[in-house]
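If you count the sequence shown from 1, you need to add 1097 to reach the working numbering.
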Amino acid sequence: MSRLIVVSNRVATPTETKGSAGGLAVGVFGALKEKGGVWFGWSGDVVSETVANAGPTLEQDGNVTFATVGLTRKDYDQYYRGFSNATLWPVFHYRNDLACYERIEYAGYRRVNAWLAHRLMKLLKPDDDIWVHDYHLLPFAEALRAEGVTNRIGFFLHIPFPAPQILINIPPHEELVKSLCCYDLVGFQTTSDQTAFHDYITRHAHGKVDQDNRVEAFGRTLRTGVYRIGIFPDEIAEQAKRYESRQHVLELKQSLEGRKLIMSVDRLDYSKGLVERFRAFEHLLERSPEWRGNVTLVQIAPPTRSDVVTYQQIRQELEYEAGRINGKYSGLDYTPIRYLNQRYDRWKLMSLFRESQVGFVTPLHDGMNLVAKEYVAAQNPDDPGVLVLSTFAGAAAELTAALLVNPHDSAGVCEALQRALSMPLDERRSRHETNMDALRRNDLGVWRDSFLHDLQAVPASRSRT
């Protein structure tokens, strides 16, 4: 039986895989435990060149090897902070206005991918299946092929894939798509992402796409598929129920003094629509005075990529908006927005979700958004909250019983909040049941197993050009 080799930008620690990590970590670790194998990637540390070139650090957990390497400051600046997060991330989230392209950073991005591929070579066996994750590693298969690797290699993109007219704003767009075509299977979160890739292949790469999603381009053949990443909803439901009487939940309930609670949890990122969300909540307080003093929005937004200028700017803007709205509507015993720029353990978040009447998830663009799914799963089925969800989240295609909104329409989002806060119990139960059925049909195991099944269907010894 072939081993599984998982490659991702960051590698979860063995401790994180046992409960504190999210979707990617839980999903791939389950597959690794079943098949045995290696999880390879960056440790998260910036190290000296000597340490970086010393070889991977190996940690064993049963039949799984965690293999990590450090990055030098130059590699971190060019590969991670530079091209990955200053160019690819904004463009793939339809924010060309925030993208910055530097040739030297792109060269560093490709150099680090080649360096990582070379570091992995000593850990590979001829029959290993390789599963590569996300936008940091678009050229990884190409680098492995250059090293002579003929193993099956699959790639899954966790973020949106942009329409061709957006993607071509990246000067080396053709090189990037050609690199993707070195994989045997490329997976996307949604049908629209897959369609955008196919459109590029036919319009810009002069390639072909058949009815079975087989792609021919740049002298190579591969397949594409849609694999909607999920969660294990019943595990989250049990976890949320188990912790609902913990001190942090009791303190929150006491501080609300009977007010209704709207919960939002996001990384501090411009793709999440946080400023627009605050303004929609302000719209609610303006249009519906009866909610002033009777509803509180708790926004948890842990900092991320704090050394990237655009992330510093969104933090400043969000802090300003929270202060402005609170200054306008606060009372001596009431603060409408509680904005927490800090990280919370996952089990705490699930129990807080369970106590809230509304889940507020309104990204401007998102690959899937597991927070939306976690919110639904964490609810008390006897008295569930209502999910207000952006149509631009991949989860919207599955969670059809949520109140779907356009985050750019402040009045429309306000109306959805009003409806959610006032929704009768029978309707809330019906919507929750519908959404839970969807989560169970397409849980995290289905995502993982369907992708690996399709990857293993690739002939192991086929020739590649």
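No residue lacks a Cβ here, since even glycine has one placed at the ideal position from N, Cα and C.
Whole angstroms are fine: how far does the CA of residue j sit from the CA of residue i?
| i | j | result |
| --- | --- | --- |
| VAL1455 | LYS1275 | 44 Å |
| ASP1404 | GLU1524 | 45 Å |
| PRO1257 | GLY1370 | 15 Å |
| ARG1170 | HIS1215 | 19 Å |
| HIS1295 | THR1321 | 9 Å |
| LEU1235 | ASN1423 | 43 Å |
| GLY1355 | ASN1391 | 8 Å |
| GLY1428 | GLN1439 | 25 Å |
| LEU1500 | PRO1556 | 44 Å |
| CYS1279 | LEU1221 | 18 Å |
| ILE1102 | PHE1163 | 10 Å |
| GLN1553 | GLY1420 | 53 Å |
| GLY1133 | GLY1127 | 10 Å |
| GLY1152 | VAL1104 | 16 Å |
| LEU1349 | ARG1435 | 11 Å |
| VAL1395 | SER1361 | 6 Å |
Using CA atoms only, rank isn't needed, just tell me which of the options is closest to residue i.
| i | options | result |
| --- | --- | --- |
| HIS1462 | ALA1243, GLU1131 and TYR1191 | TYR1191 |
| VAL1406 | SER1105, VAL1125 and ASP1174 | ASP1174 |
| PRO1481 | ALA1211, ALA1302 and MET1520 | MET1520 |
| PHE1137 | ASP1534, ARG1339 and ALA1122 | ALA1122 |
| LYS1445 | ALA1419, VAL1161 and GLU1341 | GLU1341 |
| ARG1178 | VAL1209, GLU1156 and ALA1149 | VAL1209 |
| LEU1358 | PRO1386, THR1292, ALA1517 and ARG1200 | ALA1517 |
| ARG1545 | VAL1104, VAL1125, SER1099 and THR1112 | VAL1125 |
| LEU1536 | GLN1413, PRO1261, GLU1471 and ALA1243 | GLU1471 |
| GLU1131 | ASP1158, SER1368, LEU1319 and PRO1478 | ASP1158 |
| THR1531 | LEU1514, GLU1495 and ASP1551 | GLU1495 |
For residue i and chain C, any beta-carbon pair shorter than 8 Å?
| i | result |
| --- | --- |
| TYR1431 | Note that chain C does not occur in the displayed structure, where there is just one protein chain. |
In this structure, does DSSP put residue i in helix, strand or coil?
| i | result |
| --- | --- |
| THR1562 | Unreliable placement is indicated for THR1562, whose pLDDT of 43 sits below 50; the coordinate value is still reported in the next sentence. Coil at THR1562, not helix or strand. |
| GLN1571 | In the structure as shown, the chain starts at 1098 and stops at 1562, and residue 1571 therefore has no counterpart that could be examined. |
| ALA1474 | helix |
| MET1563 | Here the chain has residues from 1098 to 1562 only, and residue 1563 is not among them. |
| THR1184 | helix |
| LYS1219 | coil |
| ASN1193 | helix |
| HIS1529 | helix |
| ARG1178 | helix |
| ASN1266 | coil |
| GLN1553 | helix |
| ALA1535 | helix |
| SER1276 | helix |
| SER1507 | helix |
| PHE1253 | strand |
| GLU1156 | strand |
| THR1288 | helix |
| LEU1496 | coil |
| ALA1122 | helix |
Can you find the residues in the same chain that come closer than 6 Å, C-beta to C-beta, to residue i, ignoring five residues on each side of it along the sequence?
| i | result |
| --- | --- |
| SER1140 | THR1165 and GLY1167 |
| MET1465 | GLN1286, ILE1326, GLY1491 and ALA1492 |
| THR1459 | GLY1370, ARG1374, SER1487 and PRO1504 |
| ALA1475 | ILE1333, ALA1337, MET1447, PHE1450 and ARG1451 |
| ALA1183 | CYS1197 |
| ALA1211 | ALA1240 |
| TYR1305 | It is worth fixing the name first, because residue 1305 is Lys in this sequence and not Tyr. Excluding positions up to five away in sequence, the list reads GLU1313. |
With a CB to CB cut of under 7 Å and the five nearest residues on each side skipped, what residues in its chain are close to residue i?
| i | result |
| --- | --- |
| HIS1380 | SER1507, ALA1508 and CYS1511 |
| ILE1263 | VAL1188, TYR1191 and ASN1193 |
| SER1385 | GLN1515 |
Which same chain residues end up closer than 8 Å to residue i when comparing Cβ atoms and leaving out the 5 residues on each side of it in sequence?
| i | result |
| --- | --- |
| ASP1540 | GLY1327, ILE1328, PHE1329 and PRO1330 |
| PHE1548 | TRP1228, GLY1251, PHE1253, LEU1282, GLY1284, GLY1322 and TYR1324 |
| GLU1271 | HIS1301 and ALA1302 |
| THR1401 | ARG1364, LEU1365, ASP1366 and TYR1408 |
| VAL1067 | The structure shown has nothing for residue 1067, since the chain only spans 1098 to 1562. |
| SER1181 | ASN1106, TYR1206, TYR1232 and HIS1233 |
Original post:
Which ranges does the beta strand (DSSP E) cover as unbroken runs of at least 3 residues, wholly within the stretch 1380 to 1462, from first to last along the chain?
Top reply: Every unbroken stretch of the beta strand (DSSP E) spanning 3 or more residues and falling wholly within the stretch 1380 to 1462 is given here in chain order: 1392 to 1397, 1434 to 1437 and 1455 to 1458.
**OP:** Please specify which runs of the beta strand (DSSP E), each continuous and at least 3 residues long, are wholly inside the stretch 1290 to 1373, giving them in chain order.
**Re:** Qualifying beta strand (DSSP E) stretches, in chain order: 1311 to 1314, 1317 to 1323 and 1357 to 1362.
**OP:** Any chance you could list the alpha helix (DSSP H) runs of at least 4 consecutive residues sitting entirely within the stretch 1225 to 1253, in chain order?
**Re:** Within the stretch 1225 to 1253, the alpha helix (DSSP H) runs of at least 4 residues that lie entirely inside it are, in chain order, 1237 to 1243.
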